[in-house]
Amino acid sequence: MRVILFVALPSEFPKEYANDAIEIHYTGVGKVNAAIKASQVLKDLDPANTIVINYGSAGSNLEKNKIYKCASFIQGDIDAEPFAPKTQTPFDELIYPNLKDGITFPGTGLTCCTQDMFEKNPVGDYIYDMEAYSIAKICKANGFYFASFKFISDNGNTDDWEKNHNQGVATFKEILESLVISFLIKNSPDGGTVDTPVLGTGAERRESSNLSWGTKPLWAANLINHYLNKTKTKNYLEIGLWNSGTFNQVNADIKDSVDPDISTNAKFGVTSDLFFKKYAPKLKYKYDVIFIDGLHHTDQVDKDISNSLKYLNEGGVILLHDCNPISEMRQRVPADFDIWEHGWNGDVWKSIYKFRKNNSHLKYNTFVIDSDEGLGVIIPNNVGKPLSTPDVEELDFEFLDKNRKQVLNLISKTEFFDREFKKEKKPKVHFITFAEGTHRSTGYKFSETQKKLIDSIQSKTKYEVVFHTHNLNSLSMQPWFYKVKDYPSTFDSEWWKRDGYLCAYKVFLTKQVLDIADEGDLVYYTDSSAYYKDPFVENLDRFFKYVEYNGHVCGAVGTDCRHNSFGCCDNKEIWSIIYPNTTIDFEKMLNKMHIVASWFCFQKNETNKKFVDEWAKWFEYEYDGLPLARYHHTVDQSIFNMLVYKYGFKVFFDDKNYHEENKNHNAVHQTLNSEKNDNIENLKKWFYNPNDL
Ligand SMILES: C[S@@+](CC[C@H](N)C(=O)[O-])C[C@H]1O[C@@H](n2cnc3c(N)ncnc32)[C@H](O)[C@@H]1O
3 MRVILFVALP SEFPKEYAND AIEIHYTGVG KVNAAIKASQ VLKDLDPANT
53 IVINYGSAGS NLEKNKIYKC ASFIQGDIDA EPFAPKTQTP FDELIYPNLK
103 DGITFPGTGL TCCTQDMFEK NPVGDYIYDM EAYSIAKICK ANGFYFASFK
153 FISDNGNTDD WEKNHNQGVA TFKEILESLV ISFLIKNSPD GGTVDTPVLG
203 TGAERRESSN LSWGTKPLWA ANLINHYLNK TKTKNYLEIG LWNSGTFNQV
253 NADIKDSVDP DISTNAKFGV TSDLFFKKYA PKLKYKYDVI FIDGLHHTDQ
303 VDKDISNSLK YLNEGGVILL HDCNPISEMR QRVPADFDIW EHGWNGDVWK
353 SIYKFRKNNS HLKYNTFVID SDEGLGVIIP NNVGKPLSTP DVEELDFEFL
403 DKNRKQVLNL ISKTEFFDRE FKKEKKPKVH FITFAEGTHR STGYKFSETQ
453 KKLIDSIQSK TKYEVVFHTH NLNSLSMQPW FYKVKDYPST FDSEWWKRDG
503 YLCAYKVFLT KQVLDIADEG DLVYYTDSSA YYKDPFVENL DRFFKYVEYN
553 GHVCGAVGTD CRHNSFGCCD NKEIWSIIYP NTTIDFEKML NKMHIVASWF
603 CFQKNETNKK FVDEWAKWFE YEYDGLPLAR YHHTVDQSIF NMLVYKYGFK
653 VFFDDKNYHE ENKNHNAVHQ TLNSEKNDNI ENLKKWFYNP NDL
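For the sequence shown, our numbering gives the first residue as 3, with consecutive numbering after it.
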């Protein structure tokens with residue numbers, strides 16, 4: 003299950019607030035931006051396996067600083083009368099017949115009115131925003147589940163928006179977690195409905211809120227269904243049926259129940275001991291989930307666990323209720339008080355402790371989720387966590403209370419959620435190439451090399467390659483092109499001539515691709531050289547493996563070319579702009595090796611984004627009334643050089659290769675493939691911080 007969260011601006015909900023399992027995408031402001039981003043993100047996703055959520059600030063007459071759920075969406079600023087009433091798009095039924103009933107989703111919620119203007123006079127209890135309708139429409143048209151949550155930042159006052167728009171973060175974080183839990187676990191009793199307004203309750207404050215585990219606990223039924231969703235067969239056994247409250251919510255192919263109280267109508271109206279002795283051996287099947295919720299006395303629970311293990315299918319799970327009593331009284335056995343008045347869990351917790359202590363902890367993963375009275379989980383999967391508590395004479399409540407985390411291997415529902423739904427993402431390689439025109443003396447078309455690179459790369463790597471293929475025409479359509487199209491050419495000499503905009507493509511394309519790549523993806527740039535015309539002839543995986551390990555490789559160096567060779571990067575003033583307030587000895591620096599950036603690779607992460615943003619910043623930086631970019635090599639070589647030294651980033655160095663040879667995109671791969679194997683130690687030794695060379 004993938005959870006996609008669309009937010010217009012990072013300030014409204016910064017990435018670090020979201021649980022790892024949630025993929026946040028920032029759309030930018032307005033309907034068009036939101037539609038572009040939502041289509042890009044959702045185009046290859048499976049609606050049956052994806053939840054789409056939108057969150058953001060909004061204006062309304064409703065109370066400020068509260069979060070409301072929206073379930074209907076209209077466009078506030080469309081007016082095509084008489085072809086359709088205001089707020090409705092005419093002729094939609096021709097193109098999107100499944101939208102004929104409007105953009106609404108199941109569950110309660112208000113109406114969100116989306117428009118490309120800031121609403122200064124909100125009416126009724128409409129909620130005004132600038133993105134939700136677009137995302138909702140895409141979701142509705144393509145069958146995605148969608149919910150939108152709006153934080154009322156203002157009643158139409160732009161100053162209020164500025165002040166408040168980022169104030170809903172903490173509350174929404176809680177709502178998001180609860181909501182996602184209830185959705186990820188199919189058929190949850192809470193699935194699909196979140197009251198309006200939805201207010202955060204604070205963390206899981208059981209003491210003060212008397213058995214309330216946050217806004218929406220993970221109930222036993224949620225957990226049972228969750229595990230049943232994962233198993234091939236779906237055979238369920240509940241020990242202790244009572245009023246079937248849980249049982250009725252369970253979705254399984256075979257549903258058996260055991261309870262000696264015949265008024266419960268359990269399939270097997272006997273004690274669990276008798277069931278396992280007399281009936282279970284005759285069954286033709288075993289169970290995938292067994293829920294132990296019968297007699298809450300530890301001796302009985304011990305027996306229920308060991309019997310259940312015998313009737314569990316491979317891959318099956320045992321769940322136990324009432325594992326985390328909050329008071330001494332609630333775990334007292336026998337219960338010498340009115341359990342209906344005070345609540346009672348019995349001493350099931352001791353069975354969890356004993357099971358962890360006595361059974362090879364390496365064979366069973368045993369833990370308790372801090373929700374719904376403590377949900378115990380025993381998974382026979384050869385992965386366990388050693389019990390770190392001291393041996394004790396008597397298992398009393400004080401011992402539990404002091405050592406809950408260790409005794410029960412207690413985790414919060416958020417931790418559980420993280421473990422279960424964290425995706426294992428394989429990084430993709432984003433391959434950037436650019437080619438335009440012909441070589442000045444040979445007339446060779448750069449696009450010929452570009453084509454060879456593109457045609458060969460996928461056969462040389464097991465990583466999925468995403469292509470970003472450019473020429474001048476495609477550059478001219480990039481949002482940043484207007485900034486650089488009038489940049490002056492550098493140097494007058496025909497030989498060294500550099501067009502301003504052609505200098506810009508590396509930095510801006512790299513920045514752009516890093517922005518859209520998923521965290522952890524690799525962004526790989528290679529020149530379409532007129533000298534090194536071969537396709538990729540070497541396998542690239544050792545190189546990508548190293549980049550995944552190190553985070554980047556910023557081109558290569560050769561001993562024959564220094565910053566001051568051929569005046570390539572010898573302007574000390576520019577060094578001092580990029581290295582401000584430093585005592586660095588520039589004379590020495592100029593004698594260090596000059597980096598050739600004919601190819602480089604960055605993994606998407608915060609440090610690399612900072613590096614590339616700085617690269618772009620200096621590119622545009624005005625110096626002597628002109629952008630720094632006017633210098634020969636300043637952008638596509640010199641600034642890059644200076645930053646690699648400044649950040650201490652790694653470059654490839656093989657003393658057999660001279661500067662020119664490093665322009666060969668096959669060179670680094672040749673060297674790495676000459677190693678005996680791809681152990682990281684073998685790969686590491688070819689990459690250096692150039693300051694150390
Ligand atoms: C806590 S209730 C079960 C609640 C139910 N599982 C639910 O989630 O709604 C405990 C039930 O266990 C049953 N019980 C008591 N002793 C039992 C035993 N030895 N074997 C099986 N069930 C037993 C009781 O009759 C009672 O109905």
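Yeah, the Cβ is synthetic: ideal placement off N, Cα and C, and Gly gets one too. Just so we're clear, the structure is a prediction, and the values are computed from it rather than from any experiment.
**Prompt:** Ordered along the chain, which non-local residues of its own chain (more than five positions away) have a Cβ less than 7 Å from that of residue 561?
**Reply:** 595 and 657
**Item:** Separation of residue 643 from residue 136, as counted between CA atoms
**Value:** 43 Å
**Prompt:** Whose C-alpha, out of 175, 74, 522 and 250, is nearest the C-alpha of residue 428?
**Reply:** 522
**Asked** Is there contact between the stretch 549 to 567 and the stretch 584 to 602, where contact requires at least three CB pairs shorter than 8 Å?
**Response** yes
**Request:** Would you kindly check if the distance between the Cβ of residue 19 and the Cβ of residue 61 is under 9 Å?
**Result:** no
**Asked** Which first and last residues belong to the beta strand (DSSP E) in which residue 468 is found?
**Response** 467 to 472
**Asked** Residue range of the beta strand (DSSP E) that residue 595 falls in?
**Response** 595 to 598
**Asked** Under a CB-based cut-off of 9 Å, is residue 610 close to chain C?
**Response** Of the chains in the structure shown, none is chain C; there is only one protein chain.
**Item:** Inter-stretch contact (C-beta, 8 Å, three-pair minimum) for the stretch 153 to 171 and the stretch 79 to 94
**Value:** no
**Message:** In this structure, how does DSSP classify residue 2 when only helix, strand and coil are distinguished?
**Reply:** Only positions 3 to 695 of the chain appear in the structure, and residue 2 is not among them; the question remains open.
**Asked** In terms of alpha-carbon separation, which member of 517, 370, 125 and 59 lies closest to residue 750?
**Response** Only positions 3 to 695 of the chain appear in the structure, and residue 750 is not among them; the question remains open.
**Prompt:** Does DSSP put residue 141 in a helix, a strand or coil?
**Reply:** Helix.
**Message:** Would you say the beta carbon of residue 467 is closer than 8 Å to some non-hydrogen atom of ligand 3?
**Reply:** The ligand content of the structure shown is limited to ligand 1, which means ligand 3 is not among them.
**Item:** residue 164, buried or exposed, once every other Cβ within 10 Å from all chains shown has been counted against 16
**Value:** exposed
**Prompt:** Which residue spans inside the stretch 296 to 366 form an unbroken beta strand (DSSP E) run of at least 3?
**Reply:** 314 to 322
**Close beta carbons around residue 102, own chain, < 7 Å, minus the five adjacent residues each side** = 95
**Request:** State yes or no: is the C-beta of residue 17 within less than 9 Å of the C-beta of residue 30?
**Result:** Their beta carbons are not under 9 Å apart, which means residue 17 does not touch residue 30 by this criterion.
**Asked** Alpha carbon to alpha carbon, what distance is there between residue 533 and residue 584?
**Response** 39 Å
**beta-carbon residue 302 near ligand 1 non-hydrogen atom, thresh 8 Å** = yes
**Prompt:** Closer than 8 Å: is that where the CB of residue 340 sits relative to any heavy atom of ligand 1?
**Reply:** No, ligand 1 has no heavy atom inside 8 Å of this Cβ.
**Item:** residue 602 vs residue 526 beta-carbon contact at 9 Å
**Value:** yes
**Asked** Between which two residues does the beta strand (DSSP E) harbouring residue 435 extend?
**Response** 431 to 436
**Request:** Count the other C-beta atoms from every protein chain shown that fall within 10 angstroms of the C-beta of residue 77, then say buried if there are 16 or more, exposed otherwise.
**Result:** When all chains shown are included, residue 77 counts as buried.
**Prompt:** CB of residue 296 to nearest heavy atom of ligand 1: below 8 Å?
**Reply:** Ligand 1 has a heavy atom closer than 8 Å to the beta-carbon of residue 296.
**Request:** Return the first residue and the last residue of the beta strand (DSSP E) that residue 395 is part of.
**Result:** Run containing residue 395: none; DSSP gives neither H nor E here.
**Message:** Quick check: does the Cβ of residue 247 come within less than 8 Å of any heavy atom belonging to ligand 1?
**Reply:** yes
**Message:** Looking only at its chain, what residues have a beta carbon closer than 6 Å to the beta carbon of residue 337, apart from the 5 residues adjacent to it on each side?
**Reply:** 346
**Request:** Would you identify the three-state DSSP class for residue 568, choosing helix, strand or coil?
**Result:** helix
**Request:** Over the uninterrupted alpha helix (DSSP H) stretch that includes residue 610, give me the two end residues.
**Result:** It spans 608 to 622 - the alpha helix (DSSP H) in which residue 610 sits, taken as one unbroken run.
**Message:** Can you tell me where the beta strand (DSSP E) holding residue 409 begins and where it ends?
**Reply:** Careful: residue 409 lies outside any beta strand (DSSP E), inside the alpha helix (DSSP H) at 406 to 410.
**Prompt:** Where does residue 441 sit, in a helix, a strand or coil, going by DSSP?
**Reply:** coil
**Request:** Pick out whichever of 144, 520 and 547 has its Cα sitting closest to the Cα of residue 608.
**Result:** 520
**Asked** Can you name the start and end residues of the beta strand (DSSP E) that residue 156 belongs to?
**Response** 147 to 156
**Item:** Collapsed DSSP secondary structure at residue 706 in the structure displayed
**Value:** Shown here, the chain extends from 3 to 695; a query on residue 706 therefore has no answer.
**beta-carbon residue 32 near ligand 1 non-hydrogen atom, thresh 8 Å** = Residue 32 Cβ: outside cutoff for every heavy atom of ligand 1.
**Asked** Cβ atoms of residue 220 and residue 374: under 9 Å apart, would you say?
**Response** yes
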